[in-house]
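Visitor: Chains as they are written, first to last, in the working numbering: chain W, -10 to 154; chain B, -10 to 154. Ideal Cβ placement from N, Cα and C applies to all residues, glycine included. Starting off with a structure, shown below.
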DNA sequence: CTAATCGCGGATAACACCTATCCGCGTTCA
DNA sequence: TGAACGCGGATAGGTGTTATCCGCGATTAG
Ligand code: SF4
Ligand code: SF4
């Protein structure tokens, strides 16, 4: 699916799907099945279902089983941040994982010096905090307004019509 | 090497090695061979060599071939940020990669609306910018001072003695 | 000059994670 | 009852990370 060489810190592609689904759900009146969400975005239904289950386990969406089931946002769109979605899909593990190599080799750091994280780890964690703070400041409701600005004020009207089909 | 399950946005472990090597190099008088750097940190010599080559290609370190060769920092430690090292090892690709799913499905976004990145992509890129700004504000020299605070003022004296062995 | 040391780049393999699909199960409702 | 739906496990292919090994060219001690 990805043609170019890629490297480095990378984010799962499912995050993009999940965020878009949340924006759609914020405009829906009732439960929207995964089938419908996948159709709307032109993506794999079975794989999207996996991501939606992650959102469900994280408590961001509430699932309704049975005949006319589907997904509904648990909280108002203004109370769900992009960070919530990213953490639900990607997990809560920090990107930087310290392997404590300062304790290896001929001059290992003393146990006293290792009581707290070293400067390297502190710098990495501070950067991740800045990243999370930035994502935490944007809500699904904010993204919905952005769509209206970019695509016109009647976009969600068409969306609701299609969902009701 | 990693026993626990991990998920999500992740950073290559080689970044930690590379940053530590830069701190060591900032305290060395002459070229330090990869063999020595690997010994000091108790890590794989052959694999570390790969990362050092990345640093060399990025221009952060200058390599000397031959009998008494090794690596030297190209710039002063105060002019090399942690971000420089991370980008050299991990590459410059952004973590979030947009697949433009808004152009799919029964209600695709109009070409006019796609002239610029949508709100989702903008939020992701803003968060990455905050992450990079945070990492760019910390230099190798700063980390060296942190080591002195944590491990005592004679730490680098011992280091230089061992390097001279 | 010779040999030892060193950096460089390619080839290779094991492993983990991402992507994607399929199936069976339980639930709900027409 | 049957159709639609969510849930979880099993599975498979692709990609990136981790790690090692080899040959090559460069440099220097002896
Ligand atoms: S010095 Fe910092 S990054 Fe390095 S091993 Fe220790 S805690 Fe981890
Ligand atoms: S809406 Fe944004 S994140 Fe989604 S496909 Fe379009 S540009 Fe990418």
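Where does residue 96 of chain B sit, in a helix, a strand or coil, going by DSSP?
Guide: Here residue 96 of chain B sits in coil by DSSP.
Visitor: Compare the C-beta of residue -1 of chain W against all C-beta atoms of chain B and say whether one is closer than 8 Å.
Guide: Interface residue, yes.
Visitor: Express the C-alpha separation of residue 84 of chain W and residue 122 of chain W in angstroms, rounding to a whole number.
Guide: Using only the alpha carbons, I get a separation of about 15 Å.
Visitor: Is any heavy atom in ligand 2 found nearer than 7 Å to the beta carbon of residue 89 of chain W?
Guide: Every heavy atom of ligand 2 is 7 Å or more from the Cβ of residue 89 of chain W, so no.
Visitor: Give a yes or no on whether 8 Å exceeds the smallest Cβ distance from residue 86 of chain W to chain B.
Guide: Yes, residue 86 of chain W counts as interfacial toward chain B.
Visitor: Pick out the complete beta strand (DSSP E) segments inside the region 59 to 88 of chain W, 3 residues or longer, and give them in chain order.
Guide: Whole beta strand (DSSP E) segments, 3+ residues: 59 to 62.
Visitor: Using the DSSP secondary-structure output, state which residues sit across from residue 52 of chain W in a beta bridge.
Guide: W/60.
Visitor: To the nearest angstrom, how far is it from the Cα of residue 31 of chain W to the Cα of residue 48 of chain W?
Guide: Roughly 25 Å separates the two Cα atoms.
Visitor: Return no unless some Cβ of chain W is closer than 8 Å to the Cβ of residue 123 of chain B.
Guide: Taking Cβ atoms only, chain W reaches closer than 8 Å to residue 123 of chain B, which makes this a yes.
Visitor: Curious, which full-length beta strand (DSSP E) runs of at least 3 residues does the region 5 to 52 of chain B contain?
Guide: You should have found no qualifying run.
Visitor: Taking 7 Å as the cut-off, is the beta-carbon of residue 102 of chain B closer than that to any non-hydrogen atom of ligand 2?
Guide: Checking every heavy atom of ligand 2 against the Cβ of residue 102 of chain B, none is found closer than 7 Å.
Visitor: Given a cut-off of 8 Å on the beta-carbon distance, is the pair residue 74 of chain B and residue 63 of chain B in contact?
Guide: No, these two residues do not count as a Cβ contact at 8 Å.
Visitor: DSSP three-state call for residue 154 of chain B: helix, strand or coil?
Guide: Coil at residue 154 of chain B, not helix or strand.
Visitor: How far does the alpha helix (DSSP H) with residue 111 of chain W in it extend, from its first residue to its last?
Guide: It spans 108 to 125 - the alpha helix (DSSP H) in which residue 111 of chain W sits, taken as one unbroken run.
Visitor: I'd like the list of long-range same chain contacts for residue 148 of chain W, defined as Cβ closer than 6 Å, with 5 residues on each side in sequence excluded.
Guide: For residue 148 of chain W, where only same-chain residues beyond five positions count, the Cβ hits under 6 Å are 16.
Visitor: Measuring CB atoms only, is the region 86 to 102 of chain W touching the region 126 to 145 of chain B, in the sense that at least three cross pairs come out at less than 8 Å?
Guide: Cβ pair count under 8 Å is three or more, so yes.
Visitor: Sort W/94, W/82, W/19, W/89 by Cα distance to residue 57 of chain W and report the nearest one.
Guide: Nearest of W/94, W/82, W/19, W/89 to residue 57 of chain W, Cα basis: W/19.
Visitor: Using C-beta distances below 6 Å, list every residue in its chain close to residue -10 of chain W, excluding the 5 sequence neighbours before and after it, in chain order.
Guide: Annotation note: pLDDT 39 at residue -10 of chain W (below 50); position unreliable, no value reported.
Visitor: Using the Cα positions of residue 1 of chain W and residue 40 of chain W, report the straight-line distance between them to the nearest angstrom.
Guide: In a straight line, the C-alpha of residue 1 of chain W is about 11 Å away from that of residue 40 of chain W.
Visitor: What residue does the alpha helix (DSSP H) around residue 143 of chain B start on, and which one ends it?
Guide: No alpha helix (DSSP H) contains residue 143 of chain B, which DSSP labels as neither H nor E.
Visitor: Using 8 Å for Cβ pairs, my map puts residue 14 of chain B next to residue 61 of chain B. What's the rounded Cβ distance?
Guide: Going by Cβ atoms, the distance from residue 14 of chain B to residue 61 of chain B rounds to 7 Å, so yes, they are a contact pair.
Visitor: Is residue 0 of chain B helix, strand or coil by DSSP?
Guide: If DSSP states are grouped into helix, strand and coil, residue 0 of chain B belongs with coil.
Visitor: Report yes if the C-beta distance between residue 69 of chain B and residue 3 of chain B is below 8 Å; otherwise report no.
Guide: Cβ atoms of residue 69 of chain B and residue 3 of chain B: not closer than 8 Å.
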